[in-house]
Structures are given as C-alpha cells and as structure tokens.
Amino acid sequence: MREWNFMENSALAKTYEPKEVEQKWYDYWEKNDLFKPSTKSDKSPFSIVIPPPNITGSLHMGHALNNTLQDILCRYKRMKGYSVLWQPGTDHAGIATQNVVEKDLSSRGTDRHQIGRERFIELVWEWREKFGGMIITQLKRLGSSCDWSRERFTMDEGLSRAVREVFVRLYDEKLIYRGDYIINWCPRCDTALADLEVEHEEMDSHLYYIRYPFENRHGYLTVATTRPETLLGDTAVAVNPEDERYRDLSGSYVLLPVLNRPIPVIFDKYVDKEFGTGALKITPAHDPNDFEIGNTHQLERIKVINEDGHMNDQAGPYQGMDRFECRERILDDLKKAGLLGKIEPYRHAVGHCYRCKTMIEPLLSKQWFVRVGPLAERAIAAVKNGETRIVPSNWEGVYYEWMNNIRDWCISRQIWWGHRIPAWYCQECGEVIVAKEEPRVCPCCKSNNLRQEQDVLDTWFSSALWPFSTLGWPDSTDELKTFYPTSVLVTAFDILFFWVARMMMMGIHFLGDVPFRDVYIHALVKDERGQKMSKSRGNIIDPLEVLDRFGTDAFRFTLAVLAIQGRDIRLSEERIAGYKNFINKIWNAARFCLMNLKDCKSPSIEGYSLTLADRWIMTRIGEVAEEVTSHIGGYRFNEAASTCYQFVWHEFCDWYLEMAKLELYSKDQMRREVAQSGLQIVLSGVVRLLHPFVPFITEEIWQRLPHTEGSIMVAHFPQRSEFIHDDESIEETDLLKGVIGGIRNIRGEMNIPPRRDVRVVIDVKGSREREILKDNLHYITSLAKAESIEMVYGIEKPDSSATYVFGDIQVHVLLKGLINYGDERNRICKEIRKIEREMDLSRRKLANKDFLSQAPPHIVENVKERAELLGVKLERLNQNLAILEELT
RNA sequence: AGGCGCGUAGCUCAGGGGGAGAGCGCUACCUUGACACGGUAGAGGUCACGGGUUCAAAUCCCGUCGUGCCUACCA
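Numbering (our numbering), first residue to last: 2 to 889.
Printed below as a string of structure tokens:
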C-alpha cells in the first residue's frame with residue numbers, strides 16, 4: 002500500500018528541504034488518483050471550477066493566491082469527507098493568443114493575411130500544443146489538487162458545441178441581435194471591444210474652442226471639443242433648449258469649418274449649459290452620446306475615421322491621414338481660417354484597449370450584441386434572494402451597481418482565433434441563417450451560395466459557460482447532476498463583471514439555477530508598497546522564483562495568512578522568509594517527535610492516566626480544530642492560518658513538546674509509552690490540521706509517522722470529538738505557565754544565566770492551586786530551571802530574593818549573591834506603577850453610579866474581580882518594596 | 001462626478017462597544033541532546049484629527065485631512 006515506507010527509519014535532515022519532497026508527493030497523489038472525486042455515492046459533493054488561466058499566461062501572483070485558496074478549500078473538504086471535484090482547464094484568450102502568434106509571424110517577416118485564415122488557425126493550435134500547457138505545469142508546482150483527467154479547454158469540441166448551442170438559442174430568443182451601433186474599436190488589434198474591455202485613463206489634453214460660422218448671418222457659434230478631427234463627421238451642433246444665449250437659433254444652420262457643409266443647430270437638454278460654451282458638436286458616427294442624440298434627432302451618421310485609424314474619403318482633404326496627424330492639420334487650417342478660438346489645458350479620461358493600451362476609437366459598426374437586460378434582471382435577483390452569496394458581501398453592491406447599469410454586450414470580434422460565429426449569409430437573397438451546424442442551402446431561396454460570418458466571439462462568451470460546459474452541457478451528464486451548481490467560485494474582483502456576472506446570467510438562463518452557491522472574492526496581490534505588480538513598474542515578484550527559494554509550503558502559507566477579506570495583499574520576500582521559518586519549525590518538531598517514536602507502540606490512551614500536558618494539548622487541539630473549521634467555512638483564510646501558526650508554534654512546540662520531554666526521557670517505561678502515544682496522537686492531529694495549507698511537508702511527515710495509513714489527503718480533518726476534552730487542564734496549565742513565566746521573567750530581568758539553577762519558594766494560599774502546583778512541580782523545575790522548589794504559605798519576602806506576584810501567588814526566586822537590591826527595587830517599582838495605572842481605571846469605573854446601574858452585571862462583576870485581584874497584587878508588591886527599603 | 005476601502009508598535013497588518021494584539025525588525029542573555037530558519041526575557045502605541053451617541057468608543061454615527069481602488073457617455 003504505502004510506497005515510501007523505506008524511509009521511515011532514516012534520519013531526518015536538520016533543515017527541511019522542499020525540493021526533495023514536493024515533486025515526489027505530487028506524483029504520488031496523481032498516480033494514486035487522489036485528485037479525482039470519490040466514486041462513493043454516499044459522500045456529499047463539493048465542486049469548484051478553476052478560473053481558467055489563459056494559455057498565453059505564465060504563473061503570476063494572482064494565479065498563485067487564487068489557486069492556493071482553492072486548493073486549501075478542496076483539500077479541506079476532501080478530508081472532511083466530501084466528494085470533491087476541482088475542475089481545471091484553460092482559456093483560449095482570443096486577442097492575447099492571436100497577438101502572440103502574430104508577433105511570431107512578424108518576426109519571420111510575414112503576417113496572418115499572407116498565410117491565410119486556415120493556416121493561421123493551424124499555427125495557433127501548434128503554438129498551443131507547444132506552450133499552452135506551461136501554466137498547468139506551474140499550477141501543479143503549487144500543489145493544486147485539480148482532477149487533471151478532466152482538464153478542459155475553451156476551444157475543445159465539447160465546449161465549442163456548448164458555445165454554438167447557446168448562441169443559437171439566444172438568437173432564437175431574440176437575446177442576440179446584429180446591428181449598427183457605436184462600438185469601441187481598437188485600431189491595433191483590428192477588432193471591436195466590449196465596453197468592459199476599455200480602460201479609462203486620465204490624460205492631459207486640450208479643450209479646443211472652434212468657431213462654426215452661421216450660414217445666413219454674421220458671426221459664429223463656438224463649440225468646445227477635445228477631438229477636433231471628428232468635426233469632419235459632425236452633422237449638427239446642439240445647445241440646451243433652456244439656454245438663453247441660444248434661444249433665437251431655432252431653425253438656423255451653421256457651416257462646418259473646412260468642409261463648409263451646412264449643419265443644423267438642434268436643441269437637446271442633454272447639453273450642459275455650464276460646460277465650455279454650452280454648444281456641443283454632434284458626431285453620431287464617432288461618439289456614443291452623439292450617436293444617441295443623433296438617433297433622437299434623426300441625424301445623418303457620417304463616418305470619417307476608418308477601422309485602421311486613418312481618415313477616409315468622407316474626410317475631404319484629410320483623406321488617408323492618421324487620426325492624430327489629422328488633428329494637427331485641422332488645427333492648423335482652423336487657425337489660418339481664423340476659426341480657432343482659445344485652447345485650454347484639459348484633463349479627461351480617454352479609453353484605451355485593455356490588451357494593447359492603444360487609444361480606442363469609438364465608431365459606427367455592424368456588430369453582434371447580447372441583449373443583457375433580461376438576463377441581468379435574474380442575475381440580480383439571484384444574489385438578492387441569496388441563491389448565490391457573495392463573500393465578502395460588500396462586493397454585492399458593486400455587482401448590483403454594474404448589473405443595474407448594464408448595456409448590451411458587443412460579442413463579435415474581428416479576429417481569427419476563437420469560436421466563429423455560427424451565422425451564414427445567403428449571397429443570393431441576403432438571408433441570415435443562425436444554426437448549430439453549417440446549413441447546405443438557404444432556407445429562404447434554396448441557394449447554396451452561403452458565406453459564414455467572418456467574426457469570432459468574445460472570449461468571455463465561452464468563459465461565461467465554463468461552470469456547465471466543462472461538466473458536459475448541453476448533454477445531461479452525471480457530472481452536471483452531481484456537481485452543478487458548483488459550491489464556490491474563488492476569484493479576484495477584477496473579473497467580477499467580465500466573468501462572474503456573465504456566468505451568473507448564462508447559468509441561470511440555461512440551467513435554471515445559479516452556477517455557484519458562493520462567490521468568494523479575494524484580494525489583489527500588490528508589492529510591499531501597495532502598488533499593483535506589473536512588468537512596466539518592474540516590481541514583479543515571480544512566484545516561480547519564490548517557489549524555488551522558499552518552497553511551496555512556505556509560499557502557500559504566506560498567501561493564506563495574508564488573504565484578509567476586503568484588503569489587498571502586500572507581499573514581500575521578508576514575509577515569505579518568515580513563514581519559511583515556520584515550515585522549518587514544523588519540520589523540526591516532527592523530527593523531534595519521530596526521534597522519540599522509533600520504538601513506539603500503536604497509540605492508545607485507554608486505561609492510562611494522562612499527564613497534564615497530554616490532557617491540555619489534546620483539549621487545545623480539539624478547540625483549535627473547531628476554530629479552524631469555522632474560519633475556513635467563513636473563508637477567513639488568514640484567521641485559519643494564523644490560528645494554526647499560533648497553536649503549532651506557541652502551544653505545541655513551546656509548551657507541549659517541552660513538557661513531554663520529561664516523560665520521554667523518563668526511565669519509567671510506562672511513562673515513556675504514554676507520552677509516545679500522546680505524541681503520535683497530537684502530531685497526527687497537527688499535520689492533518691495543517692495539511693490543507695502546507696500539503697507537501699505534512700504528507701512527508703505523515704508518511705514517516707508510525708501507525709498511519711495511506712496518504713494524508715484521505716485522512717480525516719481533526720475535529721474536537723476525536724480528542725479528549727478537559728476544561729480544567731486549561732486552567733491548570735495557565736497557572737503553571739504563570740508561575741513558570743514569573744520565574745523566567747525574574748531570570749531575564751535580573752540577568753541570571755540560563756545555565757544557573759535557582760532556588761524557588763512559592764507562597765500560595767488556595768488549596769486547589771496548591772494541589773495543582775504540587776502535582777506538577779517537575780514541569781516548573783524543568784521549564785524554569787529551578788534547582789529546588791519549596792511550597793509555603795504566608796511568609797515574608799525572603800532575604801535576597803526577587804519576587805513575582807501572580808494573582809495571590811507569590812513566586813520568590815532566591816538570589817543570594819546574584820541580585821542587587823537596587824535592581825529588584827526598580828523592577829518592583831516599575832510593576833507597581835503599571836498596576837496602579839490599571840487600578841485607577843477600575844476604581845473610577847466602580848465609583849461611577851451610572852456604570853454600576855447601567856452596565857451589564859457580568860461586566861461590573863468583571864471589573865470588581867479585576868480590581869480585587871489588582872488590589873491583592875498591589876498589596877504584595879508594596880509589602881515587598883517595604884521589605885527592600887528596610888534592607889537598604 | 002459618484003461608489004467602495006484604508007489610516008492601530010519602527011515596518012506589514014489582525015481586531016472591531018467593557019483594560020491594545022501578531023509577524024518581521026529592535027535590545028539583552030543563551031550553541032540546554034527538534035530547531036540559531038532556534039530559545040528566554042524585554043523595550044515600543046493619545047488606535048489620523050475634530051465633534052457626537054453611550055455608564056463605557058480604537059471599535060458605532062457625522063465631519064475634516066491624508067491615501068488607495070473601482071465605476072462613469074459631460075464635449
């Protein structure tokens with residue numbers, strides 16, 4: 002069964018070496034089918050679809066965080082007994098991929114038009130075969146436990162079928178249409194873009210005041226514009242009907258500068274009287290607002306800029322010029338003609354292509370659109386009524402805001418790489434045929450002279466189907482029945498609209514149910530100064546380099562700890578280095594345990610009397626498991642990871658292991674055996690607790706831990722009920738820690754060398770405390786390095802002692818020859834000042850009648866108790882001080 | 001222009017009505033048989049500022065300042 006048993010007895014290296022471990026266990030998991038959903042039908046399903054990375058992509062921090070969180074959830078759920086499907090795959094990334102291959106062509110002195118569409122597509126597929134899987138290999142290095150046997154690609158035959166099905170059905174339902182509208186055109190990518198794909202960037206520009214002479218009288222109407230070159234396509238000048246200045250212009254015309262075309266002055270309340278001159282030039286073919294105004298006033302649309310960014314034959318003398326060159330020339334000509342007024346510096350947002358950052362040209366074009374209104378309505382409702390929960394919930398507002406103001410989605414792209422739109426045009430009668438399969442003849446005129454639409458679909462169109470197309474839709478598959486709706490979608494907010502919103506619309510429309518129950522929105526990863534990582538800034542931390550330097554587990558744990566809801570992550574290498582130390586700490590704790598388990602029996606605590614350390618740590622690990630369970634359930638990854646960190650380092654290592662040493666090094670075989678049992682039980686719990694976060698090191702330890710079976714991946718996540726629970730052990734341990742802490746504090750403050758044993762006298766009144774301390778003296782002796790401990794009651798501060806007051810317990814450390822009275826007095830005075838400040842607060846509260854009458858009783862009680870305790874402590878401290886004063 | 005955050009130890013950040021927390025860094029001591037990628041102890045904070053609500057505010061409300069991001073068709 003177990004393949005790596007041969008290593009169990011070999012010594013563990015002093016330092017954890019991730020490289021030797023990671024590849025080995027990843028292969029083992031994959032080979033043993035541990036990433037596949039369970040075939041047992043009694044398990045509840047849990048499913049996640051991966052946000053498919055682009056085939057052009059290389060692992061960046063966003064991927065690393067995103068997939069680490071998904072993997073934590075999946076590993077955790079598997080251990081909790083769910084049948085887990087983590088559905089992986091990649092996205093064909095139309096424009097990005099086409100750009101990559103085109104760049105390659107251009108470096109070889111050719112381009113896609115020379116080689117033709119068919120050959121080009123072939124080349125893209127070849128490129129994809131060669132390089133498209135790179136990111137998958139990288140995801141594996143992260144430890145991602147996806148079911149790779151089910152890997153999908155958005156251009157797969159199955160997914161393409163889903164795309165055609167959806168397109169045809171939406172078309173039949175009149176939710177897809179084709180028409181002439183203003184769209185965003187990227188002259189470099191040569192394609193239309195959706196509104197979302199335009200990034201608005203503030204830029205310094207100018208506001209030009211241009212004079213349009215009146216046709217039939219003297220003078221002119223001055224308009225203000227940022228884009229003088231579009232005036233060639235103006236078909237009106239608009240003013241506000243309520244603008245006193247322009248009241249008398251009704252029915253008049255102005256002459257378009259340069260071209261001298263008469264255009265009407267129209268009235269529209271859209272125009273802002275306050276802006277510029279209150280007169281707005283209208284270019285319906287090159288501006289979305291002007292387009293709308295043009296529609297209401299039935300203005301002609303004159304397109305003057307072509308798709309390649311150059312002026313066309315409507316541009317008169319400027320025909321053939323680049324759009325930016327044209328602007329300069331027009332300004333020159335206007336100036337010469339005396340038609341250019343003032344020029345003001347002006348800052349405004351300009352649209353750029355999100356892929357190539359080229360300035361977007363809004364222009365009139367015939368494109369395909371999705372009518373999203375009706376789809377959005379239901380997608381909004383689904384979140385409103387809780388069918389899908391967005392976590393953290395403040396993103397709901399953003400989601401509603403966008404959904405409520407959504408405009409139709411332009412889905413056609415003038416590129417070659419992608420799903421070709423399943424529409425055919427009859428060359429004889431002009432009929433448009435939309436069908437899943439290529440039609441032979443025109444249903445209208447029976448002609449076979451049909452031409453398929455050249456355009457392909459927006460990549461996000463196929464991504465929108467991802468949660469069901471990957472599960473086999475439109476076929477009614479078992480996977481769909483079992484795993485749809487998926488349990489949770491894990492993603493960053495930057496694709497909330499691009500992807501999440503569209504999946505919601507499509508999932509609800511075609512499956513009748515939401516695509517996921519939860520959407521967990523995680524942070525963006527920024528650099529240590531809070532800036533977005535980008536190549537141009539040069540502040541990228543390469544996750545692959547991190548993996549090499551620090552190991553996967555350290556990296557994953559760092560990401561988990563930093564994954565705070567609603568706040569971006571500032572990643573620094575120091576931070577990762579810090580958690581690498583934690584990984585090493587785990588390693589060494591395990592190393593210590595395993596060294597002491599060489600001769601151990603199968604763990605059992607039946608019939609043995611357990612030590613305080615055992616009862617305490619088991620109680621604690623049960624509580625911690627419960628906390629971590631709750632944190633993961635609420636997607637509070639940082640809390641879950643921090644809780645683990647705190648527990649493992651500062652309870653398991655700092656206290657439990659130190660206490661266990663006494664038993665393990667005992668000559669009494671029975672005591673040793675009990676301790677070994679405890680050690681096995683607790684270490685097993687610890688690695689299982691940690692596994693979802695740090696899968697590799699925990700598997701390595703698990704495999705070396707005696708009396709475990711199979712992979713840790715299929716072990717159970719620890720839960721409270723599997724451990725004994727003993728509340729008293731917590732109190733008892735707190736008491737011990739307090740006393741030990743007191744002695745250590747004195748040692749530290751008094752600079753007593755750790756080597757040097759000290760004699761301790763403990764003055765304790767309460768009989769229970771007394772019993773507890775008495776029963777556990779050996780822990781104090783050992784952990785505080787005491788030579789001897791005497792338990793007394795009601796004595797004065799001994800000669801040459803330093804005293805630590807813990808509640809009403811006084812711990813006197815005898816320091817003959819080690820202490821000078823001045824130091825001890827300073828120490829006590831410092832303590833007294835601190836306590837007095839605290840006392841003061843409590844006294845003030847208790848003196849306040851309103852507090853006593855209105856605060857909840859338990860709070861009042863609390864303050865009273867505190868005051869009492871502080872009082873006792875203060876009294877003791879003062880007594881001790883008095884004694885010192887006498888001596889000096 | 002609107003919307004959403006953030007401002008807490010030197011740094012990075014948790015917390016979120018009832019006596020300020022972590023990691024890193026810093027200081028001192030320590031190579032004790034898991035770990036110097038370690039141990040023990042310690043220093044360090046008017047919780048941005050101003051109001052308000054409350055018996056009680058770092059925490060809730062309003063405002064100011066600073067800062068980041070998102071959305072948007074004012075030329």
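Note that CB positions come from ideal geometry on N, CA and C, so glycine has one too.
Which same chain residues end up closer than 7 Å to residue i when comparing Cβ atoms and leaving out the 5 residues on each side of it in sequence?
{"i": "phenylalanine 551", "result": "Ile577, Ala578 and Lys581"}
{"i": "leucine 819", "result": "Met751 and Ile753"}
{"i": "tryptophan 5", "result": "Here tryptophan 5 scores only 40 on pLDDT, less than 50, and its place in the model should not be relied on; the value that follows carries that caveat. If we look at tryptophan 5 and ignore the five residues flanking it on each side, its Cβ neighbours are Gln704."}
{"i": "tryptophan 396", "result": "Phe494, Leu497 and Ile522"}
{"i": "serine 643", "result": "Val562"}
{"i": "isoleucine 391", "result": "Val384, Glu397, Tyr400, Val520 and Ile522"}
{"i": "valine 547", "result": "Phe556 and Ile577"}
Return the chain-ordered list of same chain residues with a C-beta closer than 6 Å to the C-beta of residue i, the five sequence neighbours on each side being excluded.
{"i": "arginine 421", "result": "Val457"}
{"i": "alanine 591", "result": "Ile702"}
{"i": "tyrosine 210", "result": "Thr223, Ala225, Gly342 and Lys343"}
{"i": "alanine 13", "result": "In the sequence under discussion, the amino acid at residue 13 is leucine, which differs from the alanine named in the question. The answer, listed in chain order, is Arg592."}
{"i": "tyrosine 609", "result": "Val675"}
{"i": "valine 199", "result": "Asn185, Gly352 and Ile361"}
Given a cut-off of 9 Å, decide if residue j and residue i are closer than it, judged by their beta-carbon atoms.
{"i": "lysine 738", "j": "cysteine 654", "result": "no"}
{"i": "valine 520", "j": "proline 486", "result": "no"}
{"i": "leucine 341", "j": "arginine 262", "result": "no"}
{"i": "methionine 62", "j": "proline 544", "result": "yes"}
{"i": "leucine 208", "j": "glutamate 329", "result": "no"}
{"i": "glutamine 88", "j": "valine 125", "result": "no"}
{"i": "alanine 641", "j": "valine 629", "result": "yes"}
{"i": "arginine 503", "j": "serine 464", "result": "yes"}
{"i": "isoleucine 713", "j": "arginine 689", "result": "yes"}
{"i": "isoleucine 294", "j": "isoleucine 264", "result": "no"}
{"i": "leucine 74", "j": "isoleucine 49", "result": "yes"}
{"i": "isoleucine 606", "j": "tyrosine 657", "result": "no"}
{"i": "threonine 57", "j": "phenylalanine 132", "result": "yes"}
{"i": "valine 761", "j": "serine 789", "result": "yes"}
Just verifying my parser: in three-state terms, what is the DSSP assignment at residue i?
{"i": "aspartate 758", "result": "coil"}
{"i": "serine 783", "result": "helix"}
{"i": "glycine 749", "result": "helix"}
{"i": "isoleucine 122", "result": "helix"}
{"i": "tryptophan 461", "result": "helix"}
{"i": "asparagine 68", "result": "helix"}
{"i": "glycine 686", "result": "helix"}
{"i": "methionine 514", "result": "Reading off the sequence, residue 514 comes out as aspartate, not methionine. Looking at aspartate 514 - three-state DSSP - the assignment turns out to be coil, as it is neither helix nor strand."}
{"i": "arginine 218", "result": "coil"}
{"i": "tryptophan 396", "result": "helix"}
{"i": "tryptophan 417", "result": "coil"}
{"i": "valine 164", "result": "helix"}
{"i": "aspartate 173", "result": "helix"}
{"i": "lysine 367", "result": "strand"}
{"i": "aspartate 249", "result": "helix"}
{"i": "asparagine 639", "result": "helix"}
{"i": "glutamate 200", "result": "strand"}
{"i": "valine 873", "result": "helix"}
{"i": "aspartate 824", "result": "helix"}
Rounded to whole angstroms, how far is the Cβ of residue i from the Cβ of residue j, which I believe are closer than 8 Å?
{"i": "valine 715", "j": "asparagine 639", "result": "Between asparagine 639 and valine 715 the Cβ distance is about 27 Å, and since that is not below 8 Å, they are no contact."}
{"i": "glutamine 670", "j": "cysteine 601", "result": "About 12 Å separates the two Cβ atoms, so there is no contact after all."}
{"i": "valine 238", "j": "leucine 222", "result": "6 Å"}
{"i": "alanine 524", "j": "aspartate 569", "result": "5 Å"}
{"i": "leucine 194", "j": "alanine 286", "result": "With a Cβ gap of about 17 Å, leucine 194 and alanine 286 do not count as contacting."}
{"i": "cysteine 357", "j": "cysteine 187", "result": "7 Å"}
{"i": "serine 878", "j": "valine 812", "result": "Going by the sequence as given, residue 878 is leucine instead of serine. Wrong, their Cβ atoms sit about 13 Å apart, outside the cutoff."}
- Contact between the segment 110 to 126 and the segment 172 to 179: three or more CB pairs below 8 Å? No, they do not touch.
- Item | At least 3 beta-carbon pairs within less than 8 Å: the segment 726 to 735 vs the segment 148 to 165 | These segments do not touch.
- Taking 8 Å as the threshold, find out whether the segment 410 to 419 comes into contact with the segment 181 to 191 through three or more Cβ pairs. When Cβ pairs closer than 8 Å are counted between the two stretches, the segment 410 to 419 is seen to touch the segment 181 to 191, the count reaching three or more.
- Query: Looking at C-beta atoms only, is the number of pairs between the segment 461 to 475 and the segment 429 to 448 that lie closer than 8 Å three or more?
  - Reply: Verdict: no, contact absent.
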